[in-house]
Each structure stands twice: as C-alpha cells, then as structure tokens.
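Position 128 (the sequence shown) corresponds to 115 in the working numbering; numbering is contiguous.
The beta-carbon is built from N, C-alpha and C at its ideal position, and this holds for glycine as well.
Please read these numbers as outputs of a predicted model, since none were measured by experiment.
Everything below concerns the one structure shown next.
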Amino acid sequence: MSKTALEAKRKIVEEIKSKIQNSKSVVFVSYQGINVDQDTKLRKSFRESDVEYKIYKNRLIKIALDELNITNYDPKFLEGTTSVAFGQDEVGACTVLYGFKKTAPCLEAKFGVINGDVVDSATLEELSKIPSKEVLISKLLFLLKAPVSALARALNEIAKKGA
C-alpha cells in the first residue's frame, strides 16, 4: 500500500477518534437493506437533531476504537455494513434511529458508546424512549411553577373574600 494511501487512512482514523471523543453518544448502525430514499430521509432526520451520520470502513472503526481503548464490544458487530451516528447528547442519536426504524425496519443498532461506556442495542433502545433534554427541562419548569401558581390563585381568592 502506498504511503499516500496509508496517510489518508490514518487521517480517517484520527477523524473517527476525534468524533468519538467529542460526542456524548455514538451509535454503530447496520444499514443493510435501506434504500436511497430512506437513507436521504434518515440523514435529514439526523441533521435536524444535531447528530452527525457517517459511513466508515469497519477496519478503520476498529483501529480507532482500539486506539481509544474501547475494546469491550463484540467484534462481530464490525462486520457487514456499518454507519456511525455521533450525538451531542446521550439520547438524540438513539431517538432518531429508533424513531426512523418504524419506517425502515432493516436498520439495526449494533452497539453504542455513551459517555465512554460501551452499551448494547437493548440499552440504546431504552435510551431512545427518554424525552429530549429540552422536553425534560420544560416539564421540570412546569412542575416548579405549579405550586407558585396555586399559591397565587389561593391568595387571590382569599383577597377577594376579605375585601
């Protein structure tokens, strides 16, 4: 193999390592059987959720994972077609993947890396059911506001009766 080809592969491995290190969630996906239209829609869904979706060679993914000392996954998961979704939060990539799986059942999560820990596809599916950070924050704010609102209404009623 030429020196130029080796250098190009080394750059790709460094890119994969950087993306894994800078992502809170990384989901490795088998996309075998997906058609072009579904792939286009899937990529759009990932972009809208601030998730980067790329396809890499399995060998380069394995080298990157080994160099990051991420080794506790089943090596058979890096066989066949593999794409990678890099999420900026713990649930975004999972939510998009499992939501899209309803229209493209051939998609399959192989495994993932969440905050540096390797997780199986069952864990990824459970994570996909957790609401987004924004939804959780709005629910929390509503719960915090509810007692204050109730108190204000009660005081208003007392003031009306007292007047």
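If residue i and residue j are in contact, beta carbons under 8 Å, what's the gap, nearest whole angstrom?
{"i": "residue 74", "j": "residue 38", "result": "5 Å"}
{"i": "residue 145", "j": "residue 12", "result": "About 50 Å separates the two Cβ atoms, so there is no contact after all."}
{"i": "residue 79", "j": "residue 36", "result": "5 Å"}
{"i": "residue 42", "j": "residue 70", "result": "5 Å"}
{"i": "residue 72", "j": "residue 23", "result": "Between residue 23 and residue 72 the Cβ distance is about 18 Å, and since that is not below 8 Å, they are no contact."}
{"i": "residue 51", "j": "residue -4", "result": "Contact doesn't hold; Cβ gap of about 11 Å is too wide."}
{"i": "residue 8", "j": "residue 91", "result": "Not quite, the Cβ-Cβ distance comes to about 29 Å (not below 8 Å), so this is no contact."}
Compute the distance between the beta-carbons of residue i and residue j, then report whether it is under 8 Å.
{"i": "residue 96", "j": "residue 16", "result": "yes"}
{"i": "residue 98", "j": "residue 129", "result": "no"}
{"i": "residue 30", "j": "residue 40", "result": "yes"}
{"i": "residue 111", "j": "residue 81", "result": "yes"}
{"i": "residue 131", "j": "residue 77", "result": "no"}
{"i": "residue 94", "j": "residue 21", "result": "yes"}
For residue i, which three-state DSSP category applies?
{"i": "residue 103", "result": "coil"}
{"i": "residue 97", "result": "strand"}
{"i": "residue -11", "result": "coil"}
{"i": "residue 17", "result": "strand"}
{"i": "residue 155", "result": "Any property of residue 155 remains undetermined from this structure, which presents the chain solely from -12 to 150."}
{"i": "residue 134", "result": "helix"}
{"i": "residue 3", "result": "helix"}
{"i": "residue 91", "result": "coil"}
{"i": "residue 124", "result": "helix"}
{"i": "residue 145", "result": "helix"}
{"i": "residue -2", "result": "helix"}
Whole runs of the alpha helix (DSSP H) within the segment 22 to 78, excluding any shorter than 4 residues: 23 to 35, 45 to 54
The segment 51 to 58 touching the segment 77 to 93, judged by at least three CB pairs closer than 8 Å: Short answer: they don't touch.
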